[in-house]
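Contents: one structure, followed by commentary.
Residue numbers (the numbering used here), protein chains in the order written: chain A, 1 to 242; chain B, 1001 to 1251.
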């Protein structure tokens, strides 16, 4: 590794597993100090429920107080269930929106404020290619991710003059527990073999480290003119209509 | 180094964005064939940029020239891993004032040139499971007064990129596009006078308001270097915008 994030202090939410864990691991390998936050933290991670404003505010304040700065925020915590819209209880819709959209809003708000006060930083919100179109059986997730892309653009404009960059990463189907644990449910709704579906739309499942590489690029100085972007990492899934 | 041993062909590499891309790929360890319409400038750039740089004259609107540039890279370096289809031209005029010849010439360089840069490089890239980056623009995403022909050509580059990414996926070839906004190049300098004359607005003020400042060619080169790196292994068919939040606004 080339120490692309040497000296940087980063918070990663949802860091206990999946994409968050891969991003935290790669950030450390690149020389960053990483605070791994999760609802159920592992190792030296810290507890944070991103639905609770006081907890997100505390996470940012504690990081700045302990490490003297916050250079990078990766809002990665996310959840999903599988259910068509006409069958979805309002409580289930809200449960997903509260983590996937409210949580990202709170991370952007509090990290953005701290970074603006300090003169700069990079916020990376994990969205999805579901932000750009329909999301069968995961309508709450898709709506939340579209919201994440929108709030990312707004924050990028509002924070530009403070030196704070805000970007979204939009992964396609990545081989995490979130996806693998729901193959059966997705097959039932989609009516096709999940593996065949993946092979057709994006060749193969992506790997968490392949998202982490993009996060490193957006966190570091090499992307210093990139803000307000929604960067796709999806094996080409979104590029083709059929 | 991150691109140690990689072999690249960059079109329009004697100046501007292409030159910055060639410079950075060389810095990261790659071998680079500098292809340019201006043979003298290409030679001078290659001499200046060191042992791993070579030059070839190339008019990207001519299939034979593009094929010859590929052959030159393969002969010099033993193969081809990276193609950056960067050569492009602009016209800064309202649509009714663009002559037929100007429009056809722009489409020839910006669209046909990219088409050839895909068509005639696939054979070599399939051998190395290599990748292509096409230089598009935020002007390919939305309309811009005085840049109608340029906008249309860059939108075409994005559709070529997407289609090629799917067609070439099973060969292991990735194809992506970069969409810069206003960058500090001679091309953008040439647009300042016509833009100010047509709108009465100050170009510097507009740039500051829309994107904070002009981007630098080196910053565009960094995005290209990322897309050709191992870290971008699952990225294909994508348009990577580089605009300091210009297109984040719908206003």
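C-beta atoms are modelled at their ideal positions from N, C-alpha and C, and glycine is treated no differently.
Beta-carbon proximity of residue i to residue j, cut-off 8 Å
{"i": "residue 74/A", "j": "residue 11/A", "result": "yes"}
{"i": "residue 16/A", "j": "residue 38/A", "result": "yes"}
{"i": "residue 1008/B", "j": "residue 1042/B", "result": "no"}
{"i": "residue 1151/B", "j": "residue 1082/B", "result": "no"}
{"i": "residue 56/A", "j": "residue 70/A", "result": "no"}
{"i": "residue 1252/B", "j": "residue 1017/B", "result": "Residue 1252/B is absent from the model: chain B starts at 1001 and stops at 1251."}
{"i": "residue 1024/B", "j": "residue 1222/B", "result": "yes"}
{"i": "residue 76/A", "j": "residue 20/A", "result": "yes"}
{"i": "residue 85/A", "j": "residue 139/A", "result": "yes"}
{"i": "residue 208/A", "j": "residue 43/A", "result": "no"}
{"i": "residue 1225/B", "j": "residue 1020/B", "result": "no"}
{"i": "residue 1092/B", "j": "residue 1109/B", "result": "no"}
{"i": "residue 53/A", "j": "residue 101/A", "result": "no"}
{"i": "residue 212/A", "j": "residue 23/A", "result": "yes"}
{"i": "residue 1154/B", "j": "residue 1139/B", "result": "yes"}
{"i": "residue 127/A", "j": "residue 155/A", "result": "no"}
Residue i in three-state terms, based on DSSP
{"i": "residue 1110/B", "result": "helix"}
{"i": "residue 1120/B", "result": "coil"}
{"i": "residue 1096/B", "result": "helix"}
{"i": "residue 241/A", "result": "coil"}
{"i": "residue 1188/B", "result": "helix"}
{"i": "residue 1202/B", "result": "coil"}
{"i": "residue 40/A", "result": "coil"}
{"i": "residue 85/A", "result": "helix"}
{"i": "residue 1174/B", "result": "strand"}
{"i": "residue 1003/B", "result": "coil"}
{"i": "residue 1035/B", "result": "strand"}
{"i": "residue 1060/B", "result": "coil"}
{"i": "residue 1145/B", "result": "coil"}
{"i": "residue 1079/B", "result": "coil"}
{"i": "residue 1086/B", "result": "coil"}
{"i": "residue 168/A", "result": "strand"}
{"i": "residue 1151/B", "result": "helix"}
{"i": "residue 203/A", "result": "coil"}
{"i": "residue 126/A", "result": "strand"}
{"i": "residue 1016/B", "result": "helix"}
{"i": "residue 1104/B", "result": "helix"}
{"i": "residue 1159/B", "result": "helix"}
Chain A contact for residue i (CB, 8 Å cutoff)
{"i": "residue 1147/B", "result": "no"}
{"i": "residue 1233/B", "result": "yes"}
{"i": "residue 1191/B", "result": "no"}
{"i": "residue 1226/B", "result": "yes"}
{"i": "residue 1219/B", "result": "yes"}
{"i": "residue 1202/B", "result": "no"}
{"i": "residue 1023/B", "result": "no"}
{"i": "residue 1247/B", "result": "yes"}
{"i": "residue 1137/B", "result": "no"}
{"i": "residue 1236/B", "result": "yes"}
{"i": "residue 1134/B", "result": "no"}
{"i": "residue 1166/B", "result": "yes"}
{"i": "residue 1110/B", "result": "no"}
{"i": "residue 1169/B", "result": "yes"}
{"i": "residue 1212/B", "result": "yes"}
{"i": "residue 1244/B", "result": "yes"}
{"i": "residue 1140/B", "result": "no"}
{"i": "residue 1215/B", "result": "yes"}
{"i": "residue 1114/B", "result": "no"}
{"i": "residue 1162/B", "result": "yes"}
Below-8 Å beta-carbon distance, residue i vs any chain B residue
{"i": "residue 214/A", "result": "yes"}
{"i": "residue 43/A", "result": "no"}
{"i": "residue 175/A", "result": "no"}
{"i": "residue 210/A", "result": "yes"}
{"i": "residue 217/A", "result": "yes"}
{"i": "residue 2/A", "result": "yes"}
{"i": "residue 239/A", "result": "yes"}
{"i": "residue 18/A", "result": "no"}
{"i": "residue 31/A", "result": "no"}
{"i": "residue 78/A", "result": "no"}
{"i": "residue 203/A", "result": "yes"}
{"i": "residue 68/A", "result": "no"}
{"i": "residue 184/A", "result": "no"}
{"i": "residue 7/A", "result": "no"}
Min CB distance residue i to chain D below 8 Å
{"i": "residue 1004/B", "result": "The structure shown contains no chain D; the protein chains it does contain are A and B."}
Closer than 7 Å: residue i CB and nearest the ligand HEM heavy atom
{"i": "residue 1163/B", "result": "In the structure on display, the ligand HEM does not appear, and there are no ligands present to speak of."}
Worksheet item: In chain order, what residues of the segment 146-160 of chain A put their CB closer than 7 Å to some CB of chain B?
Response: Listed in sequence order: 153, 156, 157 and 160.
Discussion item. Whether or not the segment 1236-1245 of chain B and the segment 1170-1185 of chain B are in contact is what I'm after, with contact meaning three or more pairs of Cβ atoms, one per stretch, closer than 8 Å; do they touch?
Written reply: At 8 Å Cβ cutoff, the stretches touch.
Practice prompt. Could you run through the segment 223-236 of chain A and flag, in chain order, every residue whose CB is less than 9 Å away from some CB of chain B?
Written response: If the cut-off is 9 Å between Cβ atoms, the segment 223-236 of chain A has 223, 224, 225, 226, 227, 228, 229, 230, 231, 232, 233, 234, 235 and 236 near chain B.
Worksheet item: Along the segment 105-135 of chain A, what residues have a CB closer than 8 Å to any CB found in chain B?
Response: Listed in sequence order: no entries.
Worksheet item: If we count Cβ pairs, one from each stretch, closer than 8 Å, do we get three or more for the segment 178-191 of chain A versus the segment 231-238 of chain A?
Response: Under the three-pair Cβ rule at 8 Å, the segment 178-191 of chain A does not count as touching the segment 231-238 of chain A.
Worksheet item: Within the chosen definition, does the segment 109-120 of chain A reach the segment 89-97 of chain A through at least 3 CB pairs nearer than 8 Å?
Response: Fewer than three pairs of CB atoms, one per stretch, sit closer than 8 Å, so the segment 109-120 of chain A makes no contact with the segment 89-97 of chain A.
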